[in-house]
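Working notes, structure below.
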Amino acid sequence: MLYNFLYPLADDFAIFNLFRYLTFRTGGAIMTALMISFIFGPMVINWLKSKQHRGQPIRDDGPESHIIAKQGTPTMGGFLILLALGTATLLWADLTNAYVWSVLLVTLGFGAIGFADDYLKVSRHNPKGVPGKVKLLMEILISFAATMWIVKTSNPDIAMGLTIPFLKNVLIDLGWFYIPFGMLVMVGASNAVNLTDGLDGLAIVPVMIAGTSFGLIAYLVGNTVFSDYLQIRAVPGAGELLVFCGALIGAGLGFLWFNAPPAMVFMGDTGSLAMGGALGAISVVTRHEIVLAVIGGLFVLETVSVIVQVASFKLTGRRVFRMAPLHHHYEKKGWAEPTIVIRFWIIAVILALIGLASLKLR
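Quick note on my numbering: the sequence shown kicks off at 2 and runs consecutively.
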């Protein structure tokens, strides 16, 4: 039976029966997250400024322009995203749905890891925070718990299955190998978004684009009528993640208001790790993990650019890009920051449309 914090009102007032409808609750989650961001955003930013006198530590090996233009800007703005996202989800989502809680576990858990990392960076005035191995271990533990929870909640017919985009009725049974695969998706998505978060507004808009796409996917796979029509695997209960995705969009829009160039606040690892982890968890629930690599292709490109750069330098002593991740390469080529950001947004939209096309082209 559906239940959320606003649901009891439906028993006393007929007009509140709207709370029973998924689409209405999604709209409510968007507006709630947006209003929380607008109301509490200035307070959160001022509080962060009061605690971070020097703002986010800027890498010495990064673009020279960042040392001047971004010095003193506070980080940990992801806390605002998590506040708006978490509150809106708890108010509007069905709290009896295990998928909602599993995605929240990953989002808030990865956000906590990022918060600790940002805190150490700021308190030590050093770009290095939590050691990489420690962060990775914590992410693995959280993603393991979430993947196991999702598998146990899922229909046994699809619990360990991997769907292939553009192919109908194809489900590859990975057996217990699905557990490390699901973990890899969550951890990989989290760190891919983290690498993308390097310019004002660069990461949050592609996150919202991916969140919108996966909200639609969750709604379709959670509805047997639509899933049968599209010939995609139905995942009963997954539709409730549309509310979570709505809250993510609202929180992202609210954060973008303050993160638009020139940024008043950076999301930091608090936001980037959480947002990437959320997208990874949703893709595991909906069994569209491969589609995430298409819709989130911008994050994949940024990650691959780092891997290629490091591998090339270690093997040959030469760099493929002027600087990695990829957005810094174009900064070094002389592109203006807004040009890079907007063009990357356009790429994110194109990749999202390609990913969504896989739902029908089978």
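All residues carry an ideal CB built from backbone N, CA and C; glycine is no exception.
{"query": "First and last residue of the uninterrupted beta strand (DSSP E) at T164", "result": "G162 to T164"}
{"query": "Length of the line joining the Cα atoms of F256 and D158", "result": "40 Å"}
{"query": "3-residue-minimum beta strand (DSSP E) runs that sit fully inside the stretch 183 to 214, ordered along the chain", "result": "none"}
{"query": "Sequence-distant residues of the same chain with beta carbon closer than 6 Å to T76, five excluded per side", "result": "Q57, D119, F267 and G269"}
{"query": "Meets three-Cβ-pair contact criterion under 8 Å: the stretch 238 to 247 and the stretch 209 to 228", "result": "yes"}
{"query": "Among L357, F20, L35 and Q53, the one whose alpha carbon lies nearest that of L121", "result": "Q53"}
{"query": "Alpha-carbon spacing of L316 relative to L142, whole angstroms", "result": "32 Å"}
{"query": "Identified DSSP bridge partners for L172", "result": "T164"}
{"query": "Range covered by the alpha helix (DSSP H) that runs through R125", "result": "A99 to R125"}
{"query": "Rounded C-alpha distance that separates S310 from L274", "result": "One detail in the question is off: residue 310 reads as Gln in this sequence, not Ser. Approximately 22 Å between the Cα atoms of the pair."}
{"query": "Alpha carbon of K81 to alpha carbon of A94, nearest angstrom", "result": "This sequence places Leu at residue 81; Lys is not what is there. Their backbone Cα atoms lie some 19 Å apart in a straight line."}
{"query": "Residue burial classification, I40 (beta-carbon count within 10 angstroms, cutoff 16)", "result": "exposed"}
{"query": "DSSP three-state assignment for D229, whether helix, strand or coil", "result": "helix"}
{"query": "Three-state secondary structure (DSSP) of D270", "result": "helix"}
{"query": "Cβ shell of H289 (< 6 Å), same chain only, five flanking positions each side left out", "result": "I218"}
{"query": "The alpha helix (DSSP H) enclosing A349, as first and last residue numbers", "result": "E338 to A358"}
{"query": "V107 versus G78: straight-line alpha-carbon distance, rounded", "result": "18 Å"}
{"query": "Stretch pair the stretch 86 to 103 + the stretch 25 to 35: three plus CB contacts closer than 8 Å", "result": "yes"}
{"query": "Cβ neighbours of G199 in the same chain (closer than 7 Å, five flanking residues each side left out)", "result": "P326, H328 and H329"}
{"query": "Rounded C-alpha distance that separates G223 from L242", "result": "9 Å"}
{"query": "R1, DSSP secondary structure in three states", "result": "Any property of residue 1 remains undetermined from this structure, which presents the chain solely from 2 to 363."}
{"query": "Extent of the continuous alpha helix (DSSP H) to which V45 belongs", "result": "L23 to K52"}
{"query": "Sub-7 Å separation of T304 and A193 beta-carbons", "result": "yes"}
{"query": "Given 8 Å, three or more beta-carbon pairs between the stretch 178 to 197 and the stretch 276 to 283", "result": "yes"}
{"query": "Touching by the beta-carbon criterion (3+ pairs, under 8 Å), the stretch 286 to 301 and the stretch 128 to 138", "result": "no"}
{"query": "K334, buried or exposed, once every other Cβ within 10 Å from all chains shown has been counted against 16", "result": "exposed"}
{"query": "Whether V295 touches G356 by CB criterion (7 Å)", "result": "yes"}
{"query": "C-alpha gap between I1 and M265, whole angstroms", "result": "Not covered by the structure: residue 1. The range shown for the chain is 2 to 363."}
{"query": "Segments assigned alpha helix (DSSP H), at least 4 residues, entirely inside the stretch 282 to 324", "result": "290 to 296 and 298 to 317"}
{"query": "Nonlocal neighbours in the same chain, by C-beta distance under 8 Å from M149, ignoring five residues either side", "result": "I180"}
{"query": "From A85, Y22, T340 and L49, residue whose alpha carbon lies closest to that of T33", "result": "A85"}
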